[in-house]
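Asks: Starting off with a structure, shown below.
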Amino acid sequence: MHQTFTKKDIEKLNIQGLDIIEVQKQIDRFKTGFPFLEIVNYATNDKGITVLSPEEADIYINIWDGYSRSGHSVVKFVPASGAASRMFKDLFEFLQRKSESPDNDSISMFFDNIRAFAFFDDLNSACVSKKGEDVESLILHGRYKDVLEVLLLKNGLNYGGLPKGLLKFHAYENCNRTPVEEHLVEGALYAKSNDGGVTLHFTVSPEHRQLFKELISMVSDSYEQAFDVKFDISFSEQKKKTDTIAVDDNNEPFRDGEDLLFRPGGHGALIENLNDLSADIIFIKNIDNVVPDKFKDEEAYYKKMLAGYLVDVQSRIFGYLKLINSGVYSREELLEILYFLQDKLNVKNPDTKYLEDAELVLYLQKKLNRPIRVCGMVKNVGEAGGGPFFAVNEDGTVSLQILESSQIDLDDPRKKDLFVKGTHFNPVDVVCGVKDFNGEKFDLITFIDENTGFISKKTKEGRALKALELPGLWNGAMSDWNTVFVEVPLSTFNPVKSVNDLLRKEHRS
Numbered sequence: 003m004h005q006t007f008t009k010k011d012i013e014k015l016n017i018q019g020l021d022i023i024e025v026q027k028q029i030d031r032f033k034t035g036f037p038f039l040e041i042v043n044y045a046t047n048d049k050g051i052t053v054l055s056p057e058e059a060d061i062y063i064n065i066w067d068g069y070s071r072s073g074h075s076v077v078k079f080v081p082a083s084g085a086a087s088r089m090f091k092d093l094f095e096f097l098q099r100k101s102e103s104p105d106n107d108s109i110s111m112f113f114d115n116i117r118a119f120a121f122f123d124d125l126n127s128a129c130v131s132k133k134g135e136d137v138e139s140l141i142l143h144g145r146y147k148d149v150l151e152v153l154l155l156k157n158g159l160n161y162g163g164l165p166k167g168l169l170k171f172h173a174y175e176n177c178n179r180t181p182v183e184e185h186l187v188e189g190a191l192y193a194k195s196n197d198g199g200v201t202l203h204f205t206v207s208p209e210h211r212q213l214f215k216e217l218i219s220m221v222s223d224s225y226e227q228a229f230d231v232k233f234d235i236s237f238s239e240q241k242k243k244t245d246t247i248a249v250d251d252n253n254e255p256f257r258d259g260e261d262l263l264f265r266p267g268g269h270g271a272l273i274e275n276l277n278d279l280s281a282d283i284i285f286i287k288n289i290d291n292v293v294p295d296k297f298k299d300e301e302a303y304y305k306k307m308l309a310g311y312l313v314d315v316q317s318r319i320f321g322y323l324k325l326i327n328s329g330v331y332s333r334e335e336l337l338e339i340l341y342f343l344q345d346k347l348n349v350k351n352p353d354t355k356y357l358e359d360a361e362l363v364l365y366l367q368k369k370l371n372r373p374i375r376v377c378g379m380v381k382n383v384g385e386a387g388g389g390p391f392f393a394v395n396e397d398g399t400v401s402l403q404i405l406e407s408s409q410i411d412l413d414d415p416r417k418k419d420l421f422v423k424g425t426h427f428n429p430v431d432v433v434c435g436v437k438d439f440n441g442e443k444f445d446l447i448t449f450i451d452e453n454t455g456f457i458s459k460k461t462k463e464g465r466a467l468k469a470l471e472l473p474g475l476w477n478g479a480m481s482d483w484n485t486v487f488v489e490v491p492l493s494t495f496n497p498v499k500s501v502n503d504l505l506r507k508e509h510r511s
């Protein structure tokens, strides 16, 4: 056993259900790092990203409507454990400064528009209760920080310590909604089954699970009545076995007192949660990418378009696999399947021209019989997010991948040029097919590229550490899936990274 582990360490790892061999592999990974991925080109509208006409979009929407009414199971999967603290980064920093009045544009914008936020009424009542004056009176007397303390801290609304899903985002005439509620409404619009059921799954943090359940319990009946649906809502948490060990600058295990420090493995850990679901089709969308009702028809239009496109492509894949499995096919049919793999799924391997028919059949079978995802791609306007690229896989094939900048060797001028010239990015708008042509669920864990994780630098109580993030959920965790990119408009991407984003017209009711 590695000398850095004590007998007590091993006993604790066993209690936590963590694999000592896997932990040692993680430490070794800090030493070796992750290899850069070899990229061939970025995907564009001309090559790799499908652009549908309105007429084509309508066809796929009709396909989805027919599919969802035909007894198939559908789940809307929403990663919702992320803390909202980063939304209020500027406000927290202002709280720590000596200045008592707004001292930059961000702080001024927040206070100038404070009545426009959906949480204003709650904040106002809490200020009266905690500070003895309402918001406007506190501002009039220059007590800006008192307002922020009530908004952000535990003895007030605790918005700085809650997950985004539980914050009030959108104001309506008769109510104000959280992102969780907006996802319920979205689900009713595009993920409803033939019996009126809508299934949603939220991944949450353990400390907030009860708050999510209480909110759902309070509001679900009213939304069921309003949209004539029946919700089936479940929750899960990142599994402890996906936590990764932290190390110091010398790549030795980081200790918190006498104990080894483990950290959550990032959103890539959620492939385990996704793998526990057995629906035919799964929508994935981040918790904060929601809009008020007046924009939801457009949102639902493009979600149904993506889902219909997936169903159509998947249907062709299933047909080809059944043909191959029958054992009765011609050379021409094999070539048709190969061209489909190359042109529709963008999976290419120059060596296929050297394969005998029997070898070609095995190759086609392996490449087609995989989970499939259709990813919405929006025009790149400088937002952070993974980009669409053609990348070389371990077996020498080239396929579409969503890559982050850290996965690309930006010291290589050619690759940096490809990265900079990328025309689109992925707004985490994904529809997944996770069953094979026999209706059996794939084991998604077997399709992860373990070489696509991340190493990041963090601190704990002022001490530097290095953290290991697992292959990202829509990056390396889905690396060996069949991947299709379809362009969607930027209007479908409305994340809330900063509290002031809620002032944009896309978040006004």
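First residue of the sequence shown: 3, per the working numbering; consecutive thereafter.
Just so you know, even glycine gets a beta-carbon here, dropped at the ideal spot from N, CA and C.
1) State the Cα-Cα distance for the pair Asp107 and Val501, rounded to the nearest angstrom.
2) At what residue ranges does the segment 254 to 283 contain a whole run of the alpha helix (DSSP H), taking only runs of 4 or more?
3) Would you report the Cα separation of Gln5 and Gly455, rounded to the nearest angstrom?
4) What residues match up with Thr246 in a beta bridge as DSSP calls it?
5) Do the segment 26 to 42 and the segment 329 to 339 make contact, defined as three or more Cβ pairs closer than 8 Å?
6) In the segment 335 to 418, which residue ranges form an unbroken alpha helix (DSSP H) of at least 4 residues, counting only runs that do not cross its ends?
7) So Phe214 and Val182 are supposed to be a Cβ contact under 8 Å. How far apart are they, rounded?
8) Using the Cα positions of Leu169 and Phe122, report the straight-line distance between them to the nearest angstrom.
9) Output the distance between the C-alpha atoms of Glu260 and Val149, rounded to the nearest integer angstrom.
10) Work out the CA separation of Ile12 and Val519 for me, nearest whole Å.
11) Keeping to the same chain, check which residues put their C-beta closer than 8 Å to that of Asp105; ignore five residues upstream and five downstream.
12) With DSSP run on the structure shown, which of helix, strand or coil describes Ala589?
13) Can you name the start and end residues of the beta strand (DSSP E) that Arg465 belongs to?
14) Can you tell me which of the three DSSP states Gly35 falls into?
15) Within this structure, are the beta carbons of Phe79 and His203 separated by less than 8 Å?
16) Is it true that the CB of Ile63 sits closer than 8 Å to the CB of Met307?
17) From what residue to what residue does the alpha helix (DSSP H) around Ile326 run?
18) Pick from Thr246, Val313, Ala302: whose alpha carbon is nearest that of Ile65?
19) In whole angstroms, what is the alpha-carbon distance linking Arg506 and Gly329?
20) For Asn371 and Asn288, I'd like the C-alpha separation in whole angstroms.
21) If you follow the beta strand (DSSP E) that Ser458 is in, where does it begin and where does it stop?
22) Which residues in the same chain have their Cβ closer than 6 Å to the Cβ of Met3, if we skip the five residues on either side of it in sequence?
23) Three or more C-beta pairs closer than 8 Å, one from the segment 338 to 356 and one from the segment 318 to 326: is that the case here?
24) Exposed or buried, which one is Cys177 when buried takes at least 16 other CB atoms within 10 Å?
25) By DSSP, does Ile286 sit in helix, in strand, or in coil?
26) What does the Cβ neighbour count give for Asp431, buried or exposed, with the cut at 16 atoms within 10 Å?
27) Secondary structure at Leu159, three-state DSSP: helix, strand or coil?
28) Where does the unbroken alpha helix (DSSP H) through Gly441 begin, and where does it stop?
29) I'd like the list of long-range same chain contacts for Ile116, defined as Cβ closer than 7 Å, with 5 residues on each side in sequence excluded.
30) Run through DSSP, which three-state label would Asn64 get?
31) By alpha-carbon positions, which one of Lys242, Asp251, Tyr44, Leu504 ends up nearest to Glu274?
32) How do the segment 364 to 381 and the segment 476 to 487 stand: do at least 3 beta-carbon pairs fall below 8 Å, yes or no?
33) Please identify the residue among Pro255, Val363, Pro81, His210 whose C-alpha is closest to the C-alpha of Ile22.
Replies: With the structure as the only source:
1) For the purposes of this step, residue 107 is taken as residue 105 along the sequence shown, with counting starting at 1. For the purposes of this step, residue 501 is taken as residue 499 along the sequence shown, with counting starting at 1. The straight-line gap from Cα to Cα measures roughly 13 Å.
2) 273 to 277
3) Along the sequence shown, read from residue 1 onward, the residue named residue 5 stands at position 3. Along the sequence shown, read from residue 1 onward, the residue named residue 455 stands at position 453. Below a pLDDT of 50, predicted positions are generally treated as unreliable, and Gln5, at 49, falls in that range; no measurement from the model is reported.
4) Within the sequence shown, residue 246 is the residue found at index 244, counting from 1. Looking at the DSSP assignment, Thr246 forms a beta bridge with Arg265.
5) no
6) 359 to 370
7) Numbered from its first residue, the sequence shown carries residue 214 at position 212. Numbered from its first residue, the sequence shown carries residue 182 at position 180. That pair is a contact at about 7 Å.
8) Locating residue 169 in the sequence shown gives position 167, where the first residue counts as 1. Locating residue 122 in the sequence shown gives position 120, where the first residue counts as 1. Cα to Cα, the separation comes out at about 11 Å.
9) Against the sequence shown, residue 260 aligns to sequence position 258. Against the sequence shown, residue 149 aligns to sequence position 147. So the two alpha carbons sit approximately 40 Å from each other.
10) Residue 519 is absent from the structure shown; the chain starts at 3 and stops at 511.
11) Taking the sequence shown and counting its residues from 1, the one referred to as residue 105 is at position 103. If we look at Asp105 and ignore the five residues flanking it on each side, its Cβ neighbours are Phe96, Arg99.
12) Any property of residue 589 remains undetermined from this structure, which presents the chain solely from 3 to 511.
13) For the purposes of this step, residue 465 is taken as residue 463 along the sequence shown, with counting starting at 1. Start and end: 465 to 471.
14) Along the sequence shown, one-based indexing puts residue 35 at 33. Gly35 falls in the coil class under three-state DSSP.
15) On the sequence shown, residue 79 is found 77 positions in, with the first residue counted as 1. On the sequence shown, residue 203 is found 201 positions in, with the first residue counted as 1. Yes, Cβ-Cβ distance for Phe79 and His203 is below 8 Å.
16) Position 305 of the sequence shown holds residue 307. Position 61 of the sequence shown holds residue 63. Yes, Cβ-Cβ distance for Met307 and Ile63 is below 8 Å.
17) Taking the sequence shown and counting its residues from 1, one reaches residue 326 at position 324. Start and end: 298 to 328.
18) Within the sequence shown, residue 65 is the residue found at index 63, counting from 1. Answer by Cα proximity: Val313.
19) One-based indexing of the sequence shown puts residue 506 at position 504. One-based indexing of the sequence shown puts residue 329 at position 327. Their backbone Cα atoms lie some 58 Å apart in a straight line.
20) Stepping through the sequence shown from its first residue, residue 371 is reached at position 369. Stepping through the sequence shown from its first residue, residue 288 is reached at position 286. Computed Cα separation, rounded: 28 Å.
21) Looking up residue 458 in the sequence shown gives position 456. Where Ser458 is concerned, the enclosing beta strand (DSSP E) stretches over 456 to 462.
22) Here residue 3 corresponds to residue number 1 of the sequence shown, with the count starting at 1. Any reading at Met3 needs caution, since the residue's pLDDT is 43, under 50, leaving its predicted position unreliable; the model's value is listed next. Closer than 6 Å at the Cβ level, and outside the excluded window around Met3, lies no residue.
23) yes
24) Here residue 177 refers to the residue found at position 175 when the sequence shown is read from its first residue. Exposed, since its Cβ has fewer than 16 Cβ neighbours within 10 Å.
25) Position 284 of the sequence shown, counting from 1, holds the residue named residue 286. In the structure shown, Ile286 sits in a strand (DSSP, three-state: E or B).
26) Here residue 431 refers to the residue found at position 429 of the sequence shown. That one is buried.
27) Numbered from 1 along the sequence shown, position 157 holds the residue referred to as residue 159. The answer is coil: DSSP assigns Leu159 none of H, G, I, E or B.
28) Residue numbering aside, residue 441 sits at position 439 when the sequence shown is read from its first letter. First-last for Gly441: undefined, no H or E at that position.
29) Numbered from its first residue, the sequence shown carries residue 116 at position 114. The residues are Phe122, Val137.
30) The residue given as residue 64 occupies position 62 in the sequence shown. In the structure shown, Asn64 sits in a helix (DSSP, three-state: H, G or I).
31) By one-based count along the sequence shown, residue 274 stands at place 272. Closest option to Glu274, Cα to Cα, is Lys242.
32) yes
33) Taking the sequence shown and counting its residues from 1, one reaches residue 22 at position 20. With distances taken between Cα atoms, Ile22 lies closest to Pro255.
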